[in-house]
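Colleague: Each residue of the sequence shown is one higher than the one before, counting from 205 in my numbering. Note that CB positions come from ideal geometry on N, CA and C, so glycine has one too. Below is a structure I'd like to ask you about.
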Amino acid sequence: VHWHFKNKQGLLFAILKEMANPYVQTATEVLGSRLGAGDKIRELICRVLDASDESESFLAHRRLATRFMTENPEGFEQYHRYISRGMKKLARKTADVIREGQRTGEMRSDIDAEVITGVIGAIFRGTAMMKVMKGIDILPKGSSEAVVDLIMEGIEPR
């Protein structure tokens, strides 16, 4: 272990990064698919929310993140920057998909794509952070379809 990591904090950082990867992979896969823009956004929201519902690793992630934060605030800041960079990259891709949906008439063009992206990102961050840091599910299990319907109802043309 010491060959690959300088210290315990380096190992914890690597584990936390690895735990975040499935969500990044899911989002990248969905946003890069051949689906239409509306279906991409619907699928993205459902799959990310469902993954956090089904993930047993969230409890382990919570314990590791809490330990990492309390034992190594500088390391946690590094992890936060890592997650923020990934979220910004996914937000750009999501906004591009939304703009495409606005161009094709699948989504309302009177709402800025960045605003829609921000709302979707806030849902992801809010649900994930409450689950990881506090162990609290702020959305009922299995509610991803209802969340998608709520968002899509607001961004589909009227």
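Round the Cβ separation of Ala241 and Ile302 to the nearest angstrom and send it over; I've been treating them as touching at under 8 Å.
Modeller: Along the sequence shown, one-based indexing puts residue 241 at 37. Along the sequence shown, one-based indexing puts residue 302 at 98. Contact holds; Cβ gap of about 7 Å.
Colleague: Whole angstroms are fine: how far does the CA of Glu360 sit from the CA of Ile315?
Modeller: Here residue 315 is taken as the residue at index 111 of the sequence shown, counted from 1. Here residue 360 is taken as the residue at index 156 of the sequence shown, counted from 1. In a straight line, the C-alpha of Ile315 is about 10 Å away from that of Glu360.
Colleague: Excluding the five sequence neighbours on either side, which residues of its own chain have a C-beta within less than 7 Å of the C-beta of Arg251, listed in chain order?
Modeller: As a first step, residue 251 is located in the sequence shown; it is residue number 47 there, counting from the start. The residues are Thr230, Val234.
Colleague: Looking at C-alpha atoms only, which residue of Glu278, Gly309, Asp300, Asn276 is the closest neighbour of Val319?
Modeller: The residue given as residue 319 occupies position 115 in the sequence shown. Val319 has its Cα closest to that of Asp300, out of Glu278, Gly309, Asp300, Asn276.
Colleague: How would you call Glu349, buried or exposed, if buried means at least 16 neighbouring beta carbons within 10 angstroms?
Modeller: Here residue 349 refers to the residue found at position 145 when the sequence shown is read from its first residue. Glu349 should be labelled exposed.
Colleague: I believe Val352 touches Arg246 by the beta-carbon criterion, under 8 Å. Please report the beta-carbon distance rounded to the nearest angstrom.
Modeller: Against the sequence shown, residue 352 aligns to sequence position 148. Against the sequence shown, residue 246 aligns to sequence position 42. Confirmed, about 5 Å.
Colleague: Mind checking which residues open and close the alpha helix (DSSP H) that includes Leu216?
Modeller: If you number the sequence shown from 1, residue 216 lands on position 12. From DSSP, the alpha helix (DSSP H) with Leu216 extends over 212-235.
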